[in-house]
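*Asks:* Sharing a structure here in structure tokens format.
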Amino acid sequence: MPELPEVETVRDGLQRWIVGRAVATVQASHPRALRRHLLGRQEFEGWLAGRQVESVRRRGKYLWVEFAGERRCLVAHLGMSGQLLLQTPETTPSRHTHASFRFADEGPELRFVDQRTFGGLYLDDLESAVSPARAASSGSSSRAGSSGSSGSDDSSARVPHSIAHIGLDPFDPSYSIDSAIARIRQKRSGIKRVLLDQTVVSGVGNIYADESLWRARLHPEREAAVLRPASLRTLLDCVHEVMSDALSVGGTSFDALYVNVNGESGYFARDLDAYGREGQECHRCGTAIRRETFMNRSSFFCPRCQRRA
DNA sequence: CTGTGGTCCTGTATGC
DNA sequence: TGCATACAGGACCACA
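Below is the structure:
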């Protein structure tokens, strides 16, 4: 459920609440939450005990916690319904609490709550940054001036090995809109499907895909490869813009399933133009927003502003 | 290799 | 009321 703005809201909350604190004990109670940690629950709990949190990072919808002096990190993905909450140890854990992290200072503990269990936690090694964007850097209007071009891997570019295949998100300092355009044009598929492909540009899910396409006036099933570069640039600008707008108000919440680390909802739901608005008037032209299902999920769009051809 | 569809879960809303 | 069905912010993996 959570897309980039929601995950970034959570990351920001974690950054403020757990950096510098030392983990005391970890209890992982649900095996499915650790299914991607192949060394088992005991190893997971045991390794984390005593580690001091150094930073909390994100790429797309993936989060990870780095520890002082360690190459190994804690990776989290919230799936459709995952939450990371800071609660006092006295707070009764809600049902679906699948892991708890207690800290040596006995302050608020971190709890992973996940109703549908599509999310998960695991430990993984950081790999040295191997410029993930080099694939599509062909013509490149070489303006490598500002940021020391020689690929001097700044440490913030290190990502866990298991998410090296995830594309840069539009908020990443290394993100290049030209590379993204080039990659999209290589795809033989509908544009919405490409937006949802996390190996191209990461962080976009069903809500922000529909919102971006509405802003850019593109039909979700337009073939990606035939779109003009200028249209794709507009679309990617809209992707960045809509996610920035959402982030500024704490993300999109329809119910209590998406909340920040303090359990509070975001307010972007009231600003949506397409997603979830079937039958309501398009905010541009007044035509009824249409809902169609494909890819086993819903797409909302304006049949007048967003023509298929 | 690339693109597509099924599948993993629980809970809520809607309809017969 | 009961029961069945549809649908939900996602990603992986087996197949054509």
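Under the numbering used here, the residue at position 151 of the first sequence is numbered 184, and the numbers go up by one with no gaps.
A virtual CB, placed ideally from N, CA and C, is assigned to each residue, including glycine.
If you're wondering where the values come from, they're calculated on a predicted model, not measured in any experiment.
Hey, would you say valine 52 sits closer than 8 Å to valine 86, going by beta carbons?
*Replies:* Cβ distance < 8 Å, so valine 52 and valine 86 count as in contact.
*Asks:* Would you mind reading off the limits of the beta strand (DSSP E) that contains glycine 115?
*Replies:* Run containing glycine 115: 115-120, per the beta strand (DSSP E) assignment.
*Asks:* If you reduce the DSSP assignment to three classes, tell me which class glycine 79 lands in.
*Replies:* Reduced to three states, the DSSP call for glycine 79 is helix.
*Asks:* What's the C-alpha gap between valine 40 and tyrosine 95?
*Replies:* Valine 40 and tyrosine 95: Cα-Cα distance of roughly 8 Å.
*Asks:* Using only the alpha-carbon positions, how far apart do histidine 110 and alanine 190 sit?
*Replies:* Answer to the nearest angstrom: the Cα atoms are 19 Å apart.
*Asks:* For the candidate residues Ile214, Ala258 and His194, whose alpha-carbon lies nearest to that of serine 222?
*Replies:* Out of Ile214, Ala258 and His194, Ala258 has the C-alpha closest to the C-alpha of serine 222.
*Asks:* Should the segment 145-154 be called in touch with the segment 106-122, which here means at least 3 C-beta pairs below 8 Å?
*Replies:* The segment 145-154 is in contact with the segment 106-122.
*Asks:* Could you name the residues of the same chain whose beta carbon sits closer than 8 Å to that of arginine 44, not counting the 5 residues immediately before and after it, in chain order?
*Replies:* If we look at arginine 44 and ignore the five residues flanking it on each side, its Cβ neighbours are Val89, Arg90, Arg91 and Leu96.
*Asks:* Tell me the DSSP secondary structure of glutamate 103 in three-state form.
*Replies:* Note: glutamate 103 maps to coil in three-state DSSP.
*Asks:* Determine the DSSP secondary structure at glycine 41, reduced to helix, strand or coil.
*Replies:* With the sequence shown as reference, residue 41 is identified as glutamate, and glycine is not the correct amino acid for it. Reduced to three states, the DSSP call for glutamate 41 is helix.
*Asks:* Evaluate contact between the segment 194-212 and the segment 220-237, counting only Cβ atoms and requiring at least three cross-stretch pairs below 8 Å.
*Replies:* Yes, the segment 194-212 is in contact with the segment 220-237.
*Asks:* Given this structure, state the Cα-to-Cα distance separating alanine 342 from serine 264, to the nearest angstrom.
*Replies:* Roughly 14 Å separates the two Cα atoms.
*Asks:* Helix, strand or coil for proline 262 per DSSP?
*Replies:* If DSSP states are grouped into helix, strand and coil, proline 262 belongs with the helices.
*Asks:* At what residues does the beta strand (DSSP E) containing tyrosine 155 begin and finish?
*Replies:* Taken as a continuous stretch (DSSP letters only), the beta strand (DSSP E) holding tyrosine 155 covers 153-160.
*Asks:* Mind checking whether glutamate 254 and lysine 225 have CB atoms under 8 Å apart?
*Replies:* Yes, these two residues count as a Cβ contact at 8 Å.
*Asks:* Just list the residues that DSSP pairs arginine 97 with in beta bridges.
*Replies:* Note that residue 97 is tryptophan in the sequence shown here, rather than arginine. According to DSSP, which records beta bridges pairwise, tryptophan 97 is partnered with Arg90 and Val108.
*Asks:* Using a 10 Å radius around the Cβ and a threshold of 16 neighbouring Cβ atoms, would you call glycine 83 buried or exposed?
*Replies:* Label assigned to glycine 83: exposed.
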